[in-house]
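Peer 1:
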Amino acid sequence: DDSDAEHDSDAEFGSEDEGATIEMLESWAGQKRTLHLNNVAKNVARLGQRSPGGPLGSRSSLRAGMTTELGGISTDGQSALSKFLHSFVTKPTCTKRVGWELFGLVLIIYDLIWLPVQVFDPEGSDFTNTLAVISSVYWTADIPYCFFVGFMTRQEKVVEMRLGPIARNYIKTWFPFDLLVVLIDWILNIMDVNAGSTGVSYLRLGKIFRFVRLLRVLRLFKPKQVLSELLKRMQSEASMIVIGIVQLLGFILLALHIVACAWFYVGSYGDRPDNWVSHFHLKSKNIIYQYTTCLHWSITQLTPAGMEVYPVNEVERVFNILIIIGSLVTFSSFVSTITNGLNQLRNLNGEQNELLATMRKYCSENRIPTPLLAQVNSSLQDVLAHSRRRLHAKDVKALALLPTTVRVELYQIVYSPVLARHPLFGVLQDQNQNCGMRLCVDATEDISLPIGGELFASGQEGSKIYYILSGTVKYINQMAQGGCLKPSVGLGSCQAGDWISEPALWVKWRHPGSLNVATQSEIVALESAKVSAVLLREPSLMGVAYKYARSLVKHLQVQSARGTLTDLQPPIETLLAMVEEAMSMESVDGKCIRRDTSDLPPAPVTEFKIPRGSLFKSLRRGTSQQSLV
């Protein structure tokens with residue numbers, strides 16, 4: 001009938017005289033019959049309800065009514081003051097908060113080093129007084145800041161970002177301790193400033209408070225989350241092992257420092273004359289000699305070494321025994337941990353080292369000349385360095401153990417920037433986050449190809465678009481001439497950031513060329529059937545995809561007529577023009593027309609609009625949507 005004739009005319013373009021017939025896939029062509037103006041308007045209006053307060057496609061309006069999946073904030077119905085305060089709430093793992101807590105960690109380490117040294121009664125200096133004031137100011141400012149930092153709930157495992165629960169959680173946990181220590185800090189600072197005009201009893205009180213200041217060391221437990229977050233951001237397992245070894249060395253050195261200061265305190269405590277400090281005449285020595293002597297003694301307790309200093313009374317003897325017992329456990333654990341770390345580093349490159357050792361043995365048994373042996377080893381190391389396969393999601397069994405929300409967010413972070421390189425998918429993700437999420441989770445596939453591998457061959461049926469993540473691939477365009485394939489029509493090269501074989505998403509496609517791998521390459525593929533299954537859940541987006549497919553089919557038919565049909569991506573400006581056309585066209589009675597709204601009254605949301613802000617500009621520059629978040 002007439003309807004089927006129209007459908008067939010839209011599914012196929014051109015004739016044999018003009019070039020190869022380009023036939024749209026049924027999953028897209030079948031949408032024409034259902035895309036009428038009233039249906040499109042309803043679907044667009046439904047999407048528009050998700051982002052009140054602005055045109056669809058405006059990034060700010062999309063975010064206005066959106067609630068973050070993991071502990072987000074919805075400010076609908078709140079007062080202006082409440083919305084203003086909510087704007088300052090940050091996640092505990094954001095870069096700004098991590099940097100702030102790292103500075104606090106530096107101050108804590110300074111306290112761990114400087115406060116135990118007070119047993120030697122060092123004289124104050126401008127440097128130490130300035131750092132004391134900076135520390136007090138920092139921890140004072142940290143108290144109100146903590147009322148605006150989200151926290152991870154124990155049961156739901158989500159980040160709580162509401163002001164009320166954040167305040168209650170902080171008041172129940174660290175607030176009393178922080179307030180007490182800050183008050184002590186400021187009291188001590190005031191006492192230090194007024195020390196010149198105070199009496200002896202006042203100074204003794206200040207000395208007592210100086211040791212109470214050691215409570216600040218308990219803050220060392222607070223940056224534990226920051227350190228774990230930094231370790232999570234480490235991409236290299238070798239780096240994590242090295243950092244673990246460095247942490248252990250730092251802990252040992254800090255323990256030796258504290259033991260050295262404690263040993264001097266035990267020897268100088270009280271007025272009894274039989275102590276090791278008096279016995280070895282350390283009272284008359286300067287602070288540097290006193291400290292280095294104590295540090296030397298503490299090191300000898302950890303190792304089977306000795307020195308001239310020894311305990312001379314029962315208190316010192318008991319202290320010495322306790323330190324030796326602790327050293328027995330500490331030293332054995334220290335050695336075993338260092339050994340395990342070095343073994344892990346060695347095992348990381350075990351396979352590579354085995355290959356190199358086998359090659360060296362082969363060259364040695366066959367008496368390969370030294371210059372050639374060096375060239376062989378260098379070449380083999382280069383090949384091994386560039387042939388490491390990227391870890392794929394299917395290889396990580398632990399992903400199945402994660403909660404669904406966390407796993408979905410992880411997939412979005414990994415794949416959303418990749419898909420957004422294509423203008424259409426970038427806009428679709430911006431218009432509908434649900435659609436973007438399902439594309440990342442359901443439609444993506446990881447592919448690793450070694451040097452010399454083949455992704456597809458000429459004449460092979462195609463159903464996927466391929467995004468190049470890393471490496472270089474070579475494309476050879478072959479056209480049928482005289483019943484045979486001649487690889488003389490064109491060559492192309494694709495690198496990281498490019499994509500290839502897009503027509504396979506939209507039309508019945510046989511690759512006109514072949515794709516071979518020049519260097520180890522990592523690729524993300526999108527399959528046509530899975531993409532259409534995702535978009536079928538959103539009729540409005542499916543309509544946009546159909547209109548884009550029509551434009552692409554016309555572009556392919558022009559290429560076919562000119563004999564330049566290829567798998568390579570069209571120019572970015574051509575794609576942007578097709579996306580703009582798809583977003584501004586609507587289907588009426590099976591025909592695609594451009595909607596004229598000049599004579600219509602204004603409405604809240606009446607049509608799709610391609611974003612004219614930072615996202616659209618970024619697509620013209622080729623950057624991803626994720627980079628704008």
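Under UniProt numbering, the sequence shown has 107 at position 107, and the numbering climbs by one with no breaks.
Ideal placement from N, C-alpha and C gives every residue a C-beta, glycine not left out.
With respect to the beta strand (DSSP E) encompassing residue 348, which residues constitute its N-terminal and C-terminal limits?
Peer 2: Counting along the chain, residue 348 falls outside any beta strand (DSSP E), though it belongs to the alpha helix (DSSP H) covering 314-348.
Peer 1: What separation, rounded to the nearest whole angstrom, lies between the Cα atoms of residue 528 and residue 502?
Peer 2: 10 Å
Peer 1: Just to confirm the assignment, what range does the beta strand (DSSP E) spanning residue 248 have?
Peer 2: Premise fails: residue 248 lies in the alpha helix (DSSP H), 237-268, not in any beta strand (DSSP E).
Peer 1: Quick check: what's the CA-CA separation for residue 343 versus residue 337?
Peer 2: 10 Å
Peer 1: Relative to the C-alpha of residue 652, which candidate in 536, 459 and 499 has its C-alpha closest?
Peer 2: Because residue 652 is not part of the residues shown, which for the chain are 1 to 629, the question remains open.
Peer 1: Tell me the DSSP secondary structure of residue 305 in three-state form.
Peer 2: Look at residue 305 here: in three-state DSSP terms it is coil, with no helix or strand label.
Peer 1: I'd like the span of the beta strand (DSSP E) that includes residue 447, first residue to last.
Peer 2: 444-449
Peer 1: With a threshold of 16 other CB atoms inside 10 Å of the CB of residue 571, please say whether the residue is buried or exposed.
Peer 2: exposed
Peer 1: Comparing alpha-carbon positions, which option in 335, 447 and 303 lies nearest residue 323?
Peer 2: 303
Peer 1: Residue 425: buried (16+ other C-beta within 10 angstroms of its C-beta) or exposed?
Peer 2: buried
Peer 1: Please confirm whether residue 538 and residue 469 have their CB atoms less than 8 Å apart.
Peer 2: no
Peer 1: Less than 7 Å separating the Cβ of residue 84 from some heavy atom of the ligand ADP?
Peer 2: The model depicted lacks the ligand ADP and carries no ligand whatsoever.
Peer 1: Please work out which residues of its chain come closer than 6 Å, Cβ to Cβ, to residue 632, disregarding the five sequence neighbours upstream and downstream, and give them in chain order.
Peer 2: Outside the displayed range of the chain (1 to 629) lies residue 632, so it cannot be described from this structure.
Peer 1: Given residue 553, which residues of its chain have a CB within under 8 Å of its CB, disregarding the five upstream and five downstream residues?
Peer 2: If the five residues before and after residue 553 are omitted, its C-beta is found closer than 8 Å to the C-beta atoms of 13, 22, 24, 506 and 507, all from its own chain and listed in chain order.
Peer 1: State the CB to CB distance for the pair residue 556 and residue 565, rounded to an integer number of angstroms; the pair is presumed to be in contact (CB under 8 Å).
Peer 2: 7 Å
Peer 1: Looking only at C-alpha atoms, which of 186, 26, 339 and 151 sits nearest to residue 174?
Peer 2: For the residues 186, 26, 339 and 151, the minimum Cα distance to residue 174 belongs to 151.
Peer 1: In the DSSP output, what is residue 24 paired with across the bridge?
Peer 2: 507
Peer 1: Considering only residues of the same chain and omitting the five flanking positions on each side of residue 349, which have a CB-CB separation below 7 Å?
Peer 2: none
Peer 1: Quick check on residue 645: buried or exposed, where buried means 16 or more other Cβ atoms within 10 Å of its Cβ?
Peer 2: Only positions 1 to 629 of the chain appear in this structure, which leaves residue 645 out of reach.
Peer 1: Rounded to whole angstroms, what's the CA-CA distance from residue 59 to residue 584? Just pull it up for me.
Peer 2: Legend: pLDDT at residue 59 = 33, less than 50; position of this residue unreliable, no value from coordinates given.
Peer 1: Report the CB separation of residue 512 from residue 477 in whole angstroms; it is logged as a contact under 8 Å.
Peer 2: 6 Å
Peer 1: With DSSP run on the structure shown, which of helix, strand or coil describes residue 161?
Peer 2: Residue state, collapsed to three classes: coil.
Peer 1: Looking only at its own chain, which residues have a Cβ that is under 7 Å from the Cβ of residue 287, when we skip the five neighbours before and after it?
Peer 2: Around residue 287: 120 and 122.
Peer 1: Using DSSP's beta-bridge definition, name the partner residues of residue 468.
Peer 2: Residue pairing by DSSP places residue 468 opposite 523 in a beta bridge.
Peer 1: Counting only beta-carbon separations shorter than 8 Å, does residue 318 have a partner in chain D?
Peer 2: Note that chain D does not occur in the displayed structure, where there is just one protein chain.
Peer 1: DSSP three-state call for residue 285: helix, strand or coil?
Peer 2: coil
Peer 1: Measuring CB to CB, does residue 526 end up less than 8 Å from residue 443?
Peer 2: yes
Peer 1: In the DSSP assignment, find the beta strand (DSSP E) that holds residue 432 and state where it starts and stops.
Peer 2: Where residue 432 is concerned, there is no enclosing beta strand (DSSP E), given that its DSSP letter is neither H nor E.
Peer 1: Spatial neighbours of residue 306 within its chain, please: CB distance less than 7 Å, with the 5 preceding and 5 following residues excluded, ordered by chain position.
Peer 2: 300
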